[in-house]
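Inspection log for the structure reproduced underneath, given as structure tokens.
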Amino acid sequence: MTAGAAPDVWLDLPEKAQRRTILAIARKELDDAVRSRWFWMWTVSFAGLAAVLAMTALPASRIAGAASYGRTAASLVTLTQIIVPLMGLTLGAQTIAFQRENGALRFLLSHPVNRTESFWGLYAGKAAALTAASFAGFGTAGVVTALRSGGGEAGSFVRITLLAWALLLAMVAVGMLISTLAHRAPSALGSAVFTWLALVFLGDLGLMGTAVATRLSVPMLFFSTIVNPVEAFRLAALATFASSFDILGPAGTYAADALGAALVPVIVSSLLAWILVPLAVAWFRFTRHQDL
Amino acid sequence: MTALLALILGLAPLLGAAPAASDGDLQALIDAAAPGATIELPAGVYRGDITIDKTLTLRGTGGTVIEGTGTGTVVTVLAPDVTLEGLVIRRSGDSLDREHAGISVKAPRVKVVDNRLEDVLFGIFLYQSPDSVIRGNTVVSKDLFIARRGDAIRMWESHRTVVEGNVVDGARDVVLWFCDDAVIRGNLIANGRYGLHFMYSDRATIEDNALIDNSVGSFLMYSKDLVLRRNLISGNNGPAGYGVGLKDMDGSRLEDNLLVGNRAGVFLDNSPQSVGIEQTFEGNLFAYNQIGVLFLPSVKGNVFWGNSFVDNTVQVAVQGGGRFGGNTWTRDGIGNYWSDYAGYDADGDGFGDVPYRLDDLYDHLLDRNPELMLFADTPASRALDLAARAFPVIKPRPKVRDDRPLITPPPVPEPPFDLEVRPGGSLLAASILMLGVATTTVFAAQRRRSLP
Chain A
1 MTAGAAPDVW
11 LDLPEKAQRR
21 TILAIARKEL
31 DDAVRSRWFW
41 MWTVSFAGLA
51 AVLAMTALPA
61 SRIAGAASYG
71 RTAASLVTLT
81 QIIVPLMGLT
91 LGAQTIAFQR
101 ENGALRFLLS
111 HPVNRTESFW
121 GLYAGKAAAL
131 TAASFAGFGT
141 AGVVTALRSG
151 GGEAGSFVRI
161 TLLAWALLLA
171 MVAVGMLIST
181 LAHRAPSALG
191 SAVFTWLALV
201 FLGDLGLMGT
211 AVATRLSVPM
221 LFFSTIVNPV
231 EAFRLAALAT
241 FASSFDILGP
251 AGTYAADALG
261 AALVPVIVSS
271 LLAWILVPLA
281 VAWFRFTRHQ
291 DL
Chain B
1 MTALLALILG
11 LAPLLGAAPA
21 ASDGDLQALI
31 DAAAPGATIE
41 LPAGVYRGDI
51 TIDKTLTLRG
61 TGGTVIEGTG
71 TGTVVTVLAP
81 DVTLEGLVIR
91 RSGDSLDREH
101 AGISVKAPRV
111 KVVDNRLEDV
121 LFGIFLYQSP
131 DSVIRGNTVV
141 SKDLFIARRG
151 DAIRMWESHR
161 TVVEGNVVDG
171 ARDVVLWFCD
181 DAVIRGNLIA
191 NGRYGLHFMY
201 SDRATIEDNA
211 LIDNSVGSFL
221 MYSKDLVLRR
231 NLISGNNGPA
241 GYGVGLKDMD
251 GSRLEDNLLV
261 GNRAGVFLDN
271 SPQSVGIEQT
281 FEGNLFAYNQ
291 IGVLFLPSVK
301 GNVFWGNSFV
311 DNTVQVAVQG
321 GGRFGGNTWT
331 RDGIGNYWSD
341 YAGYDADGDG
351 FGDVPYRLDD
361 LYDHLLDRNP
371 ELMLFADTPA
381 SRALDLAARA
391 FPVIKPRPKV
401 RDDRPLITPP
411 PVPEPPFDLE
421 VRPGGSLLAA
431 SILMLGVATT
441 TVFAAQRRRS
451 LP
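Here's what the structure looks like:
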């Protein structure tokens with residue numbers, strides 16, 4: 001069967017059958033991920049680092065109370081900022097490009113499934129595996145914090161976890177987009193690493209340089225910052241435990257003042273856009289180009 | 001009510017007070033009392049507002065409430081040596097310009113002890129009342145927007161006054177104007193605007209207080225020779241959230257204070273203001289603040305030794321940049337502990353062998369471009385510092401140089417109050433749930449393999 005002939009027929013199937021197909025592909029993808037060394041490397045290193053952070057932040061909590069939770073949370077946010085995009089992007093980028101190269105994609109599409117189902121199944125499977133990895137990390141850090149310091153703010157912690165999860169979904173989406181665009185597996189991986197570098201370091205450094213060199217206005221600086229999903233995650237996470245955005249200096253004071261109650265929704269919507277837009281583009285590209 | 005009146009009427013002669021007025025009016029009771037008498041008030045609600053114009057002791061016996069009309073000051077004291085003790089005083093008016101208060105005192109040597117003031121605009125107002133004592137009171141302000149509230153304790157030209165063991169929650173300020181030689185000890189002041197505000201009040205001793213979650217911990221201005229010792233100053237995070245702000249001060253001494261989680265631990269504006277006067281900071285803990293110590297560029301003459309600087313986002317900052325110097329970070333061969341010190345102690349004498357230098361490029365940029373605070377604590381700002389270290393050609397002039405940095409932090413001073421620790425139960429439950437989700441996902445994948 002050639003891949004090009006099938007789609008229209010299969011789209012006519014009842015929705016339930018389509019959902020079952022997606023689920024089956026997702027399970028297969030999850031199974032593959034859980035059995036891969038990458039997955040365990042990320043899970044163990046994230047959980048380990050998170051636990052170490054939660055432990056080292058403890059000695060002062062006796063005197064500092066909530067302030068030391070703030071430092072634990074801030075460290076955890078920094079760790080997440082570095083690791084979650086890296087694992088999301090690299091594993092996301094490995095999905096289609098790698099399967100295209102080793103023939104797995106050809107094998108998958110030789111079954112009675114269409115490209116749309118394959119795409120969403122692959123994304124769901126990858127996302128589920130990485131969700132497990134990130135929840136394992138946050139769960140470990142949370143248990144350590146709760147047991148050793150006794151203190152902590154469950155509401156803030158859960159919200160940070162959910163924001164990290166949203167960041168993860170966005171990064172897997174961007175990874176999938178890279179994966180559909182790349183011609184070869186190594187170039188997909190390379191692009192993923194470069195994207196990570198750009199989001200985590202180069203974007204911020206560029207903004208800092210621009211702000212200093214051109215006296216960028218404070219509103220411009222703030223909005224250019226939250227366009228970056230990694231920064232959107234950090235600022236939204238900060239809002240869950242910082243007493244006020246004033247701690248971010250003039251830009252924070254401006255944002256809290258100008259946006260008021262809409263502050264967190266605006267930041268989070270940037271994060272959600274980074275899930276939806278790359279997925280839409282990747283899906284479009286994957287279904288339109290019939291390459292194997 | 002009649003039983004209550006009978007009780008008052010019955011007790012009054014026993015206690016040497018004049019016979020009470022027939023309608024049980026507290027004001028009448030006071031008017032009828034002989035100067036120097038003690039009036040014990042059994043539990044019950046007494047109508048205010050009252051004025052005490054002779055030396056008296058007014059003592060509650062638990063559950064004694066004096067309720068104001070809501071249009072003025074509830075208890076006004078005009079005579080010296082009055083004692084107010086064990087009373088619940090509530091419902092003052094809410095006019096800021098008429099300074100409606102729970103207790104307003106305009107006479108020397110007054111004692112205000114173990115009272116509870118609630119729903120009042122100002123709490124305790126001392127006006128030209130030297131040698132007074134305010135001890136063990138609780139003040140809860142009216143629930144208004146913070147600038148519309150009154151001061152929990154306001155003192156004006158009341159020298160040598162002792163303010164001790166009071167609890168203030170959700171008022172505006174605790175403020176002293178022109179009050180020399182005050183003692184402020186063991187108070188808990190939380191959720192207000194200025195925890196402590198000093199104006200032109202010299203030689204005060206401020207010790208063992210907790211100033212928590214106010215907009216500003218303490219702002220001390222135009223005063224000389226203040227001693228702050230063993231205070232816990234934490235979570236003061238307003239736009240000017242200084243743990244201790246010093247403006248035009250001379251000769252302040254800060255010892256063994258805990259400055260934790262404030263916007264800036266200490267803020268120095270033209271302090272010391274006189275040439276040749278120094279201010280000393282010894283044995284304090286600066287931890288988890290956004291900025292440990294914040295200087296204006298021209299400030300000099302401060303000496304820091306034996307302090308711990310632990311994980312402040314920026315350890316020392318100079319607002320606005322400019323030529324900065326003239327402060328000392330070592331005394332008698334003892335420096336400070338810096339959590340970001342990267343040196344070593346090869347000879348094992350407890351001091352680092354290379355000086356601690358604060359010359360982070362990001363901090364330096366921040367001094368001139370405060371809007372870059374948006375990037376504090378990001379991987380990018382750390383990368384910048386790393387780059388500056390790797391390529392010294394872009395390394396800025398150090399702001400701080402401590403030649404004898406301590407290798408281990410000095411012991412943390414004991415906090416004056418036990419802070420409540422939030423129970424970790426719900427966090428534990430949430431975390432276990434997350435681990436559960438992770439495990440289930442992994443096992444769901446594993447189980448599939450056993451299917452045919």
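Order-wise, the sequence lines are chains A and B. In terms of our numbering, the first sequence opens at residue 1 and continues consecutively. In terms of our numbering, the second sequence opens at residue 1 and continues consecutively. The beta-carbon is built from N, C-alpha and C at its ideal position, and this holds for glycine as well.
By Cβ distance, which residues of its chain are closer than 7 angstroms to residue i, with the 5 residues on each side in sequence left out?
i	result
B:R109	P80, D81, D131, S132
A:L207	L221, S224, T225
A:M1	In this prediction, A:M1 has a pLDDT of 41, which is less than 50 and means its spatial position is unreliable; what the coordinates show is noted afterwards. S110.
B:L78	T51, I52, D53, K106, A107
B:R404	T330, G333, I334, G335, F351
B:A21	Residue placement at B:A21 is poorly supported in this model, since its pLDDT is 35, which falls under 50; the coordinates are not used for a value here.
Would you list the one or two residues that DSSP bridges to residue i?
i	result
B:H197	B:V175, B:F219
B:M155	B:L126, B:L176
B:E278	Beta-bridge pairing links B:E278 to no other residue.
B:A287	B:V260, B:V310
B:E255	B:R229, B:E282
B:K111	B:T83, B:V133
A:D204	Answer is none; A:D204 lacks a bridge partner.
B:I52	B:V77
B:L406	B:Y337, B:F351
B:K247	B:M221, B:D269
B:I103	B:V75, B:I124
B:G44	B:T64
Near residue i, what residues of its chain come up, given a Cβ to Cβ distance below 8 angstroms and the 5 sequence neighbours on each side ignored?
i	result
A:A164	T80, V84, S134, F138, F233, A237
A:D246	G252, T253, A256
A:W127	The residue asked about is misnamed: residue 127 of chain A is Ala in this sequence, not Trp. Excluding sequence neighbours, A:A127 sits near L168, L169, V172.
A:L263	A239, F245, A255, A256
For residue i, collect the residues of the same chain with a Cβ closer than 6 angstroms to its Cβ; drop the 5 residues on either side in sequence, then sort them by chain order.
i	result
A:F241	G70, A73, S156
B:F267	Y242, G245, L294
B:V88	V65, R116
A:A33	F39, A129
B:V303	E278, T280, T328, R331
A:G266	As written in the sequence, residue 266 of chain A is Val, which differs from the Gly given in the question. The residues are L259.
A:E231	T225
A:D21	Reading off the sequence, residue 21 of chain A comes out as Thr, not Asp. Hits under 6 angstroms: V113, E117.
B:R185	E164, E207, D208
For the putative contact between residue i and residue j, defined by C-beta atoms under 8 angstroms, what is the C-beta separation to the nearest angstrom?
i	j	result
B:K300	B:D359	19 angstroms between Cβ atoms; not a contact.
B:A152	B:G123	4 angstroms
B:P56	B:L41	It is Leu, not Pro, that sits at residue 56 of chain B in the sequence shown. The pair is not a contact, with the Cβ atoms about 12 angstroms apart (cut-off 8 angstroms).
B:S252	B:L226	5 angstroms
B:V74	B:S92	5 angstroms
B:D180	B:D202	5 angstroms
A:S270	A:V212	With 8 angstroms as the limit, A:S270 and A:V212 do not qualify as a contact, their Cβ atoms being about 24 angstroms apart.
A:T145	A:A54	5 angstroms
A:A141	A:A51	6 angstroms
B:V113	B:R135	5 angstroms
task = Could you please tell me which residues of the segment 267-283 of chain B, in chain order, have their CB closer than 8 angstroms to any CB of chain A?
result = Here the close residues number zero.
TODO: Flag this pair as touching only if the segment 267-283 of chain A and the segment 335-343 of chain B have three or more C-beta atom pairs under 8 angstroms; answer yes or no.
DONE: no
* To do: Check whether the segment 89-102 of chain B touches the segment 49-68 of chain B, taking contact to mean three or more Cβ pairs, one atom from each stretch, closer than 8 angstroms.
  => yes
| task | Could you tell me whether the segment 133-142 of chain B touches the segment 159-175 of chain B, where touching means 3 or more Cβ pairs closer than 8 angstroms? | result | Yes: the two stretches touch, three or more of their Cβ pairs being nearer than 8 angstroms.
Determine, using beta-carbon pairs with one atom in the segment 242-261 of chain B and one in the segment 213-221 of chain B, whether at least three such pairs fall under 8 angstroms.
The segment 242-261 of chain B is in contact with the segment 213-221 of chain B.
Item to complete: Examine the Cβ distances between the segment 88-107 of chain A and the segment 185-196 of chain A and report whether three or more of them are shorter than 8 angstroms.
Response: yes
| task | Taking a Cβ distance cut-off of 9 angstroms, strictly less, list which residues of the segment 425-441 of chain B are near chain A, in chain order. | result | G425, S426, L427, L428, A429, A430, S431, I432, L433, M434, L435, G436, V437, A438, T439, T440, T441
Please identify, using Cβ separations under 7 angstroms, the residues of the segment 19-52 of chain A that lie next to chain B, in order along the chain. R27, L30, D31, V34
Practice task
Can you give me, in chain order, the residues of the segment 240-268 of chain A that have a beta carbon less than 7 angstroms from any beta carbon in chain B?
Solution key: S243, S244, D246, I247, L248, G249, P250, A251, G252, T253
Q: Taking only beta carbons into account, state which residues of the segment 186-219 of chain A come closer than 7 angstroms to chain B, listed in chain order.
A: V200, F201, D204, L205, M208, A211, V212, V218
Practice item. Return the residues of the segment 158-184 of chain A that lie within a Cβ-Cβ distance of less than 9 angstroms from chain B, sorted by chain order. Key: V158, T161
Segment contact flag, the segment 254-269 of chain B with the segment 278-286 of chain B, C-beta cutoff 8 angstroms, min 3 pairs:
yes
Report task. Determine contact between the segment 355-371 of chain B and the segment 203-219 of chain A, defined as no fewer than three beta-carbon pairs at a distance below 8 angstroms. Result -> yes
Q) Going along the segment 99-115 of chain A in order, which residues come within less than 8 angstroms of chain B, judged by CB to CB distance? A) Within the segment 99-115 of chain A, not one residue has a Cβ closer than 8 angstroms to any Cβ of chain B.
_Positions along the segment 333-350 of chain B whose CB lies within less than 9 angstroms of some CB in chain A_ = none
*Residues, ordered as in the chain, of the segment 222-234 of chain A that lie near chain B by beta-carbon distance below 8 angstroms*: F222, T225, E231, R234
Taking Cβ-Cβ distances below 8 angstroms as the criterion, which residues of the segment 136-149 of chain A are in contact with chain B? Listed in sequence order: A136, F138, G139, T140, A141, G142, V143, T145, A146, L147, S149.
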